[in-house]
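S.K.: Shown below is the structure under consideration.
In this note's numbering, the protein residues as written are 51 to 220.
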């Protein structure tokens, strides 16, 4: 295999690893019920990572957290008994990942988050995520995570025990 093919293969592998990292991050954010979850989230970030809400709403509500320990601390704030979320589901779309030089990459996604809170009420949030990644010790880590609100609104409850309609004969 020539050098050009090897470089292309490395970029494809990087995209898959980055995609897996952000997918695991969202999966863990959907399950903020145990203190170990915050530690697992922290392991997806570099030691000097930054996690920040940008734009007026998210800058005010979510803030800026510098360093892996601060990010784990912020995630721990969502873990309580009972947990902050009764339902929390993240969906990602409109993915764009650019792998650059020097073990650096940038990804962009649109995110939709559907949440029901233990204290009552449900919310639908959409955000744009722009995330810088760095490769350290053969692993792609989140190095600068930004989330910017696109829209946010309260909604009726997501889950209902009402009968699920299906076609006749099903």
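Don't be surprised by glycine CBs; every beta carbon is placed ideally from N, CA and C. Note that the structure is a prediction, hence the values are computed from the model and not measured.
Under DSSP, the beta strand (DSSP E) around residue 259 begins and ends at which residues?
M.R.: With the chain covering only 51 through 220, there is no way to say anything about residue 259.
S.K.: Starting from the Cα of residue 102, find the closest Cα among 80, 125, 58, 93 and give me that residue.
M.R.: Of the candidates 80, 125, 58, 93, the one whose C-alpha sits nearest the C-alpha of residue 102 is 125.
S.K.: In the DSSP assignment, find the unbroken alpha helix (DSSP H) run with residue 109 in it and report its ends.
M.R.: Residues 105-112.
S.K.: Please state whether DSSP places residue 126 in a helix, a strand or coil.
M.R.: The answer is helix: DSSP assigns residue 126 an H, G or I state.
S.K.: What does DSSP give as the partner residue(s) for residue 163 in the beta ladder?
M.R.: DSSP output for residue 163 lists 140, 175 as bridge partner(s).
S.K.: If you count every other CB in all the chains shown that lies within 10 Å of the CB of residue 165, and 16 or more means buried, which is it?
M.R.: Burial call: buried.
S.K.: Is residue 92 helix, strand or coil when you go by DSSP?
M.R.: Three-state DSSP puts residue 92 in a helix.
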